[in-house]
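Report on the following structure.
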Amino acid sequence: MTGVRLANYLAIHPAITEAEVLQAQQTWADGLVAIGKLAGDATAAKAAAQVLVRRLYNYGEGKVLFKPTKAAHDQFRETFEQALSYFVGGDHHEDHGFALHPWAAVRFENNSLFLDVDSAGAMGNYYFTDAKTGAETKVEFTFAYRRASDGRLVIFLHHSSLPYEAEH
């Protein structure tokens, strides 16, 4: 973008800030924990997951590149319905409802953030605390965000995987 075009763009769409990315991560973590608390009520859990996916992912405005942690045979979730299935079960035989586990807490540790005018990225580890045992599971993540038409941040890239464990 040229200087004038960039200034005009920023007047309408402010650049994404670190605080916004951190808030988006916290909202995602809180939403996942809230869904797990509803695990005994499938209808309520699905409704909460629908809100989370609609609010936090870009499916309503475009593509999402989503590779969840516990996906082996159908590794990618290209649609809203596929993402919903991953979080609360349903469409895929390997989807048992990751958000239904339940988790007591989710904590992000960013290795690095990338902030640009109209997008942002975060890479690091997040830690899922099992609500039943208190055990913490470390998972690697990459999230990329863009500003939706209503101004909120939405995820357009979400890659998650368990850390590699070398066998020596």
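This note's numbering applies: residue 392 is where the sequence shown begins, and numbers increase by one.
All residues carry an ideal CB built from backbone N, CA and C; glycine is no exception.
All of these numbers come straight from a predicted model, not from anything done at the bench.
In this structure, Thr520 and Ala496 form a Cβ contact; the two beta carbons are roughly 4 Å apart against a cut-off of 8 Å. Per DSSP, Gly480 lies in no alpha helix (DSSP H) and is assigned neither H nor E. Taking a contact as a CB-CB distance under 8 Å, the pair Pro493 and Lys428 counts as one, their CB atoms being some 6 Å apart. Shown here for Ala430: same chain residues with a beta carbon closer than 7 Å to its own, the five before and five after excluded, namely Ala436, Leu491, Pro493 in chain order.
The beta-carbon separation of Arg538 and Phe547, rounded to 10 Å, does not stay under the 8 Å limit for a contact. Gly515 sits in a strand when the DSSP states are folded into three classes. Taking the C-beta atoms as reference points, Ser551 is found nearer than 8 Å to Lys458. Take His404, set aside five residues on each side of it, and the residues of its chain with a beta-carbon closer than 7 Å to its own are Asp509, Arg538, in chain order. DSSP assignment within the region 427–456 yields no whole beta strand (DSSP E) run of 3 residues or more. Taking C-beta atoms as the reference points, Val444 and Phe467 fail to come closer than 8 Å.
Arg468: not part of any beta strand (DSSP E); DSSP gives it neither H nor E. Judged by DSSP secondary structure, Val508 falls outside any beta strand (DSSP E); it is assigned neither H nor E. Under the three-state reduction of DSSP, Glu531 is assigned to strand.
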